[in-house]
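Working notes for the structure below.
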Amino acid sequence: MNIIRRRGWEMPESLATPEHLFFNRRALLGAAAGAAAAGLVPGHAFAQRLTDQPDPSMDLYPGKRNEKYTLDRPVTDEKINGNYNNFYEFNSSKQVAKQAQALKIRPWTIKIDGMVEKPFEIGIDDLVRKFPIEERLYRHRCVEAWSMAVPWSGFPMAKLVELAKPLSSATYVRMETFLDKSIAPGQKQSWFPWPYVEGLTVKEATNELTFLATGAYGKPIAKQHGAPIRLAVPWKYGFKHIKSIVRVSFTDKQPRSYWQDLQDSEYGFWANVNPEVPHPRWSQANEELIGLGERRPTLLFNGYGEFVADLYKGMEKERLWA
Ligand code: MTE
């Protein structure tokens, strides 16, 4: 695709997360929150928040912490994380939290189809009560060279794959985000290849690390993080972590993702984190820890190699690093 406008992901590394701008933007956002409290928010957004209350899955959180997955840094402050997001369906800035409140998360149905024994649909409240909810602390490394540390709650994607009963010939899983221009203004922008799509191999999807997050910070997941269900694959760049999933399809063809459609030369299918392979326009050698004002060297597979490196043995000729 011929990119004619400069957008967020086209920034050079030096501009990816300039701290002074970040904190200025937070100040602006604080002012916006004040305006909301004073009743200046659009009526429909406010009404939406009212109809969504209380979340029917509230009692499931916080899930029991799975101590196997540990962090080498503090958990990112919830407010900072919740006000610095990528959710292009709403807008392509990081200040998307307010607009994302228009997302209607009940009823929410997920369609399971493609190469499965029998396609079916399942409501989010049935799905979240099928498996025990656990909490995992994961690092999250965005391709834009920033990172967070997040306490997700949810269940392993392997459980969903088991429920879906894919045929043994199915080798990939394709996932899709909602499509609704009436609530998501970004989806009116026709140069983006909506809906957002991401994919994994079935082997990746059933790896123990691959997690479907339905909660974060000890409660149901916030809309700006991809409510009511989003993917967390911490050894891959953040764009693989598809939000607000409505469809999971099994296939024997490698799915083309949203980012591949948008900029194939820069964003590949595998998108595994590797500090030694620069993005075509910036280095991936280190990352800014959002909220801590600190840069650190990035780790191969974002530090999760012990769990996933074996998945890629013998695939050295493939474009494994986005
Ligand atoms: N999923 C959808 N549907 N739309 C998006 O724009 N952005 C991706 C990913 N999933 C995105 C998405 C990117 S680039 C990142 S870094 C993470 O979501 C950000 O997740 P967070 O906002 O919870 O930090």
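Every letter in the sequence shown is one number past the one before it in the numbering used here, and letter 209, counting from 1, is 354.
In this text, a Cβ means the ideal position worked out from N, Cα and C, and glycines have one as well.
A distance of 8 Å or more separates the beta carbons of Tyr449 and Trp339. Sequence-distant Cβ neighbours of Val422 in its own chain, meaning closer than 6 Å and more than five residues away, are Trp466. Note on the segment 331 to 401: whole alpha helix (DSSP H) runs with a minimum of 4 residues are 347 to 350, in chain order.
With respect to the C-alpha of Asn211, the residue from Gln246, Asp270, Arg281, Val220 having the closest C-alpha is Arg281. Contact between the segment 288 to 301 and the segment 356 to 368 is present: three or more C-beta pairs spanning the two stretches fall below 8 Å. Straight-line spacing of the CA atoms in Pro442 and Glu262 works out to 45 Å. Only exposed fits Glu463, as fewer than 16 other CB atoms lie within 10 angstroms of its CB.
Taking 8 Å as the cut-off, the beta carbon of Asn352 is found closer than this to the beta carbon of Phe452.
Leu248 is the residue among Ile255, Leu248, Ser394, Gln405 whose C-alpha sits nearest the C-alpha of Lys326.
Taking all protein chains shown into account, Leu216 has fewer than 16 neighbouring C-beta atoms within 10 Å of its C-beta and is therefore exposed.
Classified as exposed, Gly438 has fewer than 16 neighbouring CB atoms from the shown chains inside 10 Å of its CB. Secondary structure within the segment 275 to 335: the alpha helix (DSSP H) runs of 4 or more consecutive residues, fully enclosed, are 302 to 309 (chain order).
In the structure shown, Lys256 falls within a strand segment according to DSSP collapsed to helix, strand and coil. The distance from the Cβ of Gln408 to that of Gly344 is about 16 Å, inconsistent with a contact at the 8 Å cut-off. Linking Arg319 to Glu279 through their CA atoms gives a straight-line distance of about 24 Å.
Within 7 Å of the C-beta of Gly450 there is not a single heavy atom belonging to the ligand MTE.
Phe232 counts as buried, since no fewer than 16 other beta carbons sit within 10 angstroms of its beta carbon. Tyr382 places its beta carbon less than 8 Å from that of Arg286. For Ile250, no alpha helix (DSSP H) run applies, since DSSP gives it neither H nor E. Only residues of its own chain outside the window of five on either side were considered, and among them Tyr233, Glu234, Phe235, Asn236 have a CB closer than 6 Å to the CB of Gly331, listed in chain order.
DSSP, reduced to helix, strand and coil, places Gly436 outside both helices and strands of the structure shown, so it counts as coil.
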